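My numbering puts the sequence shown at residues 11 to 107.
C-beta: ideal position from N, C-alpha, C; glycine also.
The structure presented is a predicted model; accordingly, all values stated were derived computationally and were not measured.
Written out below as structure tokens is the structure these notes cover.
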Amino acid sequence: MKTYCVLIVAMSFCGMASAGIPLFNATCPGEIEVHADQGGPIYINGKEGALTKFSDTYYEAKGSAVTISLMINPDGSPDVSYTGQHRANGVCAVKQD
């Protein structure tokens, strides 16, 4: 019985960790528009970015001379930032639908 309970708890944590990329839209300084479908991919100004997964909660998408960084908070909400040419960087505004 003890083993069964441990297995149930472990499986519930695994489900939370593999949430993946959420559906979101964001606007970044410099007229950069970001869109992601549930589970990916991430689009930068309408073009699909090259996606790299660093962990279950951190992804980067590269394209259109910028890198979009996506961090997924414990509640599933996204935090989005960007890095562009000539050290341009900042936080993107995630649109609430």
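- For the set I31, A36, C38, the Cα lying nearest the Cα of L61 is the one of I31.
- The secondary-structure analysis by DSSP pairs C38 across a beta bridge with I42.
- Counting every other CB atom within 10 Å of its CB across the protein chains shown gives V44 a total of 16 or more, marking it as buried.
- In the DSSP assignment, N99 forms a beta bridge with T93.
- Under a 10 Å Cβ-count criterion, G40 is classified as exposed, with fewer than 16 other Cβ atoms of the shown protein chains found around its own Cβ.
- Bounds of the beta strand (DSSP E) holding G73 are 68-73.
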